[in-house]
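This report concerns only the one structure given below.
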Amino acid sequence: MKHLLIAASFIFSLTTFAQTAAPVLPASLGKTMKAMSTNLKAIVAQATEATKNESSAKLADDFVTLTLHAKDFAVDSIQALPAEQQAAAKAEYDKMLEQTAITGQQLAAAFRANDNVLAANLLKQLSQDKKDGHDKFKKD
Numbered sequence: 008m009k010h011l012l013i014a015a016s017f018i019f020s021l022t023t024f025a026q027t028a029a030p031v032l033p034a035s036l037g038k039t040m041k042a043m044s045t046n047l048k049a050i051v052a053q054a055t056e057a058t059k060n061e062s063s064a065k066l067a068d069d070f071v072t073l074t075l076h077a078k079d080f081a082v083d084s085i086q087a088l089p090a091e092q093q094a095a096a097k098a099e100y101d102k103m104l105e106q107t108a109i110t111g112q113q114l115a116a117a118f119r120a121n122d123n124v125l126a127a128n129l130l131k132q133l134s135q136d137k138k139d140g141h142d143k144f145k146k147d
């Protein structure tokens, strides 16, 4: 009986930890994009410190989650298009986000492989992706 209680307590602890460790995703596109930006700034700030590569990889994993989450929202600039253009614009938007997520996955892998030179190049690509996406879809 004592072993059963210990095992149950351990499982409950793991379940509780897993629930608290899961990130809460933002409830709007603006907040999601802000979280993505904050996340990238944190990665850039520590990207040259090899001792923080695992932390950077985790941040990159979170960035990927946020990037894919951004697909869940309506985009004002797309909604403002004529109805017949919206599907194609949304498909292009989703494709850009998917490519950005792939780059984010590559970034996490680069940090895990301790390849900070590759990580720096991928961060430059992500910065360009952000600029391209905003040029294409962000309303002024």
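For the sequence shown, my numbering gives the first residue as 8, with consecutive numbering after it.
The C-beta atom is built at its ideal place from N, Cα and C for all residues, glycine as well.
Note that the structure is a prediction, hence the values are computed from the model and not measured.
Leaving out five residues before and five after V82 in sequence, what residues of the same chain have Cβ atoms less than 7 Å from its Cβ?
Taking the sequence shown and counting its residues from 1, one reaches residue 82 at position 75. Hits under 7 Å: L36, Y100, F144.
Same chain, Cβ closer than 7 Å to D68, neighbours up to 5 away in sequence not counted
Counting from one through the sequence shown, the residue named residue 68 turns up at place 61. Around D68: A115.
Alpha carbon to alpha carbon, how far is A49 from L66?
Counting from one through the sequence shown, the residue named residue 49 turns up at place 42. Counting from one through the sequence shown, the residue named residue 66 turns up at place 59. Each residue's alpha carbon lies about 8 Å from the other.
Length at least 4, wholly inside the stretch 40-117: the alpha helix (DSSP H) runs in chain order
60-76, 83-86
Rounded C-beta distance between L129 and Q106? I'm assuming under 8 Å.
In the sequence shown, the residue the question calls residue 129 occupies position 122. In the sequence shown, the residue the question calls residue 106 occupies position 99. In fact, because the Cβ distance is near 12 Å, the residues do not count as touching under 8 Å.
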